[in-house]
Amino acid sequence: YASRDSKGRKINDPYPTDFAASGFDLDAVGVIHQADLLGLKDEKSNTGLSFYPNPATDFISFRQHGESISSIQILNLEGIKIKESNKNFEIIDVSSLSAGIYLVEIYQGNSKYIERLTIAN
1339 YASRDSKGRK INDPYPTDFA ASGFDLDAVG VIHQADLLGL KDEKSNTGLS FYPNPATDFI
1399 SFRQHGESIS SIQILNLEGI KIKESNKNFE IIDVSSLSAG IYLVEIYQGN SKYIERLTIA
1459 N
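Going by our numbering, the sequence shown opens with residue 1339, and the numbers climb by one from there.
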């Protein structure tokens, strides 16, 4: 079973059209290479760092094990710094942030870790 395109080449089009250039009707899409959102995976890293609650409304609390935190930054998804803390790493007030998804950059020694933070109403 085959038809021909406008140049006479054989094509196997299960949904032929009245146009000489032929047609194509996509029934499904297969995802072969799927990137994680902003390169962040849902699995937790073994950094010894965590914060809660997530989603948050008023504050986030940090737990750390091992090397101490030197800085924490909260960025929007465009990478613009919204909030920064260089001193109190136990609790950060996020009540002024609008509902949405943010990135938390945690600097610990010579390492930087990035986690997602959801702010709910």
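Each residue gets a CB set at the ideal place from its N, CA and C atoms; glycine is no exception.
If you're wondering where the values come from, they're calculated on a predicted model, not measured in any experiment.
Open item on the list: If distances are taken between C-alpha atoms only, which option among Arg-1347, Ser-1399, Lys-1345 comes closest to Asp-1431?
Closed with: The residue labelled residue 1431 in the question sits at position 93 within the sequence shown. Among Arg-1347, Ser-1399, Lys-1345, the Cα nearest to that of Asp-1431 is on Ser-1399.
Task: Distance, Ile-1410 Cα to Gly-1447 Cα - done: Residue numbering aside, residue 1447 sits at position 109 when the sequence shown is read from its first letter. Residue numbering aside, residue 1410 sits at position 72 when the sequence shown is read from its first letter. Going by the C-alpha atoms only, they are around 12 Å apart.
Open item on the list: Just to confirm before moving on: does the CB-CB distance between Ser-1408 and Tyr-1451 stay below 8 Å?
Closed with: By 1-based counting over the sequence shown, the position of residue 1408 is 70. By 1-based counting over the sequence shown, the position of residue 1451 is 113. Contact flag unset, no.
Task: Under 8 Å between C-beta atoms of Tyr-1440 and Ile-1412 - done: Residue mapping note: residue 1440 aligns to position 102 of the sequence shown, counting from 1. Residue mapping note: residue 1412 aligns to position 74 of the sequence shown, counting from 1. Yes; because the gap between Cβ atoms is below 8 Å, this pair is in contact.
Open item on the list: Relative to the C-alpha of Glu-1436, which candidate in Ser-1423, Ile-1349, Phe-1397, Ala-1458 has its C-alpha closest?
Closed with: Taking the first residue of the sequence shown as 1, we reach residue 1436 at position 98. For the sequence presented, residue 1436 should be read as Ser rather than Glu. Ranking Ser-1423, Ile-1349, Phe-1397, Ala-1458 by Cα distance to Ser-1436 puts Ala-1458 first.
Open item on the list: DSSP has Asp-1431 in a bridge; who is on the other side?
Closed with: One-based indexing of the sequence shown puts residue 1431 at position 93. Answer is Phe-1397, bridged to Asp-1431.
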